[in-house]
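**Q**
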Amino acid sequence: RARPRAIVVGERLESPGSLQLQRPWARMPNEVWVAVADALPDVEVCMCAAVASSLHGPFAFEGHWASRAKRAWSQLRGLSHDERELLLQAATDRWNYTSRRSLLKGCRVALCACRSEAVALAELVRHCGGSVARRGEGLQLVLIGRGAGGMRPRTPRRDAALALAAGWLRASLVLGRRLPPHREGCPASGSAFSLPRSCIPPGLAAGGALCCHAPRLLEGLLVTSSRVRDREALAATVQALGGEYTEELTRAHTHLIAEAAEGLKFEYAQAHRIPVVSHAWLDQTMRHGAPMQERFFTVTSCPFRYTGSSYR
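Here full-length UniProt numbering is used: the sequence shown runs in plain steps of one and ends on residue 312.
Next up, the structure:
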């Protein structure tokens, strides 16, 4: 076979094997490549560092990944100030960043929340490598946030997607790993819901790993009341079970708890098809640890009327 021809570079003769060392891009300073890496997506930076040995140094530099993590996490929506501060403390190296970017890799997630929170949750899901999908087949996760209302799933089936509170994603992102629905050693670990007597609600004081992130019994529901006694205690119970309570009634509300089938709130709820339930619906939900069906606790068909301490 014919010998490979020499290639003239300037006034010197170079063989094809040594030509690669003389390419101009191989002699560019690291500062230039760091600036180039800042403009590339994460996947392309990893590919460049893997296929080109001369780029491994600037592209795999831990300081580069730390600055990339700080820049990305400081712009994420849906995080509180304290959550963002804790997350930025983990912006130290490549592993802490890439492990969080692949937290939901290949996972299809459905979002049950009001529009503003759903937009922020969708950004977090995509940042963690997951994809947002409509409810249907092929889902792995369902995140329930504020304003979920009727979108949230009922009592989960065995083959249904895992339902979690929206705070689970934020806590998992801060800690850098997927958290279980219930904390270690929780007596209600077999339940699909967080129960008030045994589960610790999410909070930064306790830490994400010490909390239960299964949805609470009224997670995502918006409740008001009409003509009930001890309204303050009812509001506190609703909030303890993960729901929101307001004095006014709007079309966004999911339940009206009433003692009598009368009044302006009752008429408004009937006109806009908002479920009207008796106080027994809330009591039975707490007692059985699962949301009760509203049709068995309607005010008009309920033979009892709740007085605050006993039925009559």
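Just so it is clear, CB atoms sit at the ideal spot from N, CA and C, and this is done for glycine as well. Every value quoted in this text rests on a predicted model; they were computed, and no experiment measured them.
Is the beta carbon of Ala214 closer than 9 Å to that of Ser198?
**A** The answer is no: Cβ separation not under 9 Å.
**Q** If you compare alpha carbons, which of Ala209, Gly176, Gln89 and Glu232 is closest to His182?
**A** Nearest option by C-alpha distance: Ala209.
**Q** With a 10 Å radius around its C-beta and 16 neighbouring C-beta atoms as the bar for buried, classify Arg273 as buried or exposed.
**A** So Arg273 ends up on the exposed side.
**Q** May I have the straight-line CA-CA distance separating Ser189 from Leu217, to the nearest angstrom?
**A** The straight-line gap from Cα to Cα measures roughly 15 Å.
**Q** Taking the beta strand (DSSP E) that Val109 belongs to, which residues open and close that run?
**A** Note, Val109: beta strand (DSSP E), Arg108 to Cys112.
**Q** Beta carbon of Gly263, beta carbon of Gly243: below 9 Å?
**A** Taking 9 Å as the Cβ cut-off, Gly263 and Gly243 do not qualify as a contacting pair.
**Q** Could you give the C-beta distance for Glu123 and Leu76, rounded to a whole number, given that I count them as a contact under 8 Å?
**A** The Cβ separation is near 7 Å, so the contact holds.
**Q** Consult DSSP for Leu21 and reduce its assignment to one of helix, strand or coil.
**A** Caution is warranted here: a pLDDT of 47 is assigned to Leu21, below 50, making its placement in the model unreliable, and no coordinate value can be reported.
**Q** Over what stretch of residues does the beta strand (DSSP E) that includes Val142 continue unbroken?
**A** Unbroken beta strand (DSSP E) run through Val142: Leu141 to Ile144.
**Q** Check for me: the alpha helix (DSSP H) holding Ala118 runs from which residue to which?
**A** Per DSSP, Ala118 belongs to the alpha helix (DSSP H) from Arg115 to His127.
**Q** Excluding the 5 residues flanking Gly129 on each side, which residues of the same chain have their C-beta closer than 7 Å to its C-beta?
**A** For Gly129, where only same-chain residues beyond five positions count, the Cβ hits under 7 Å are Arg101, Ser102, Leu103, Leu104 and Lys105.
**Q** CA-CA distance, Ala133 and Trp95?
**A** Ala133 and Trp95: Cα-Cα distance of roughly 28 Å.
**Q** Taking the alpha carbon of Leu169 as the point to measure from, which residue in Arg152, Val109 and Ala161 has its own alpha carbon closest?
**A** Comparing Cα-Cα distances from Leu169 to each of Arg152, Val109 and Ala161, the minimum goes to Val109.
**Q** Given a cut-off of 9 Å on the beta-carbon distance, is the pair residue 339 and Thr250 in contact?
**A** Outside the displayed range of the chain (1 to 312) lies residue 339, so it cannot be described from this structure.
**Q** DSSP state of Glu232, grouped into three classes?
**A** Looking at Glu232 - three-state DSSP - the assignment turns out to be helix.
**Q** Alpha carbons only, please: which of Ala171, Cys186 and Arg135 is nearest the one belonging to Ala160?
**A** Ranking Ala171, Cys186 and Arg135 by Cα distance to Ala160 puts Arg135 first.
**Q** Rounded to a whole number of angstroms, what is the C-alpha to C-alpha distance between Ala91 and Lys70?
**A** If I take the Cα positions, the gap works out to 6 Å.
**Q** With DSSP as the reference, identify every bridge partner of Ser226, one or two as the case may be.
**A** DSSP, once it has assigned bridges, lists Ala258 as partnering Ser226.
**Q** With residue 326 and Leu241 assumed to form a contact (beta carbons below 8 Å), what rounded beta-carbon distance in angstroms separates them?
**A** A question about residue 326 goes unanswered here, because the residues of the chain that appear run from 1 up to 312.
**Q** Could you give the residue range of the alpha helix (DSSP H) that holds Leu282?
**A** Looking at the DSSP string, the run of the alpha helix (DSSP H) that includes Leu282 is His279 to His288.
**Q** Classify Glu247 as helix, strand or coil using the three-state DSSP reduction.
**A** Coil, per DSSP.
**Q** Please classify Ser278 as buried or exposed, where buried requires at least 16 other C-beta atoms within 10 Å of its C-beta.
**A** Buried is the call here.
**Q** Hey, how far is the Cα of Leu121 from the Cα of Gln140?
**A** When rounded, the distance between both Cα atoms is 16 Å.
**Q** Run through DSSP, which three-state label would Ser172 get?
**A** Helix, per DSSP.
**Q** Can you tell me the Cα-Cα spacing of Ala252 and Ser191, whole angstroms?
**A** Each residue's Cα considered, the two are about 28 Å apart.
**Q** Taking only the alpha-carbon atoms, compute the straight-line gap between Ser116 and Gln89 and give it to the nearest angstrom.
**A** Whole-angstrom Cα-Cα distance: 27 Å.
**Q** When the distance is taken between beta carbons, is Ile200 closer than 9 Å to Ser225?
**A** Their beta carbons are not under 9 Å apart, which means Ser225 does not touch Ile200 by this criterion.
**Q** Give me the Cα-Cα distance between Leu234 and Leu175, rounded to the nearest whole angstrom.
**A** Rounded to whole angstroms, Leu234 to Leu175 spans 35 Å at the Cα level.
**Q** Under 8 Å by Cβ, that's how I've got Arg126 and Tyr97 pegged, so tell me the actual separation to the nearest angstrom.
**A** Rounded, the Cβ-Cβ distance is 15 Å, inconsistent with contact.
**Q** Only counting the same chain, and skipping five residues up and downstream in sequence, which positions put a Cβ closer than 8 Å to that of Pro187?
**A** Cβ within range, chain order: Ser198.
**Q** What does a CB cutoff of less than 7 Å around residue 318 pick up in its chain, not counting 5 residues either side in sequence?
**A** The question about residue 318 has no answer, for the chain in this structure spans 1 to 312.
**Q** Would you mind working out which of Thr254, Val299 and Gly147 sits nearest Ala260, comparing C-alpha positions?
**A** Checked all of Thr254, Val299 and Gly147; the closest Cα to Ala260 is Val299.
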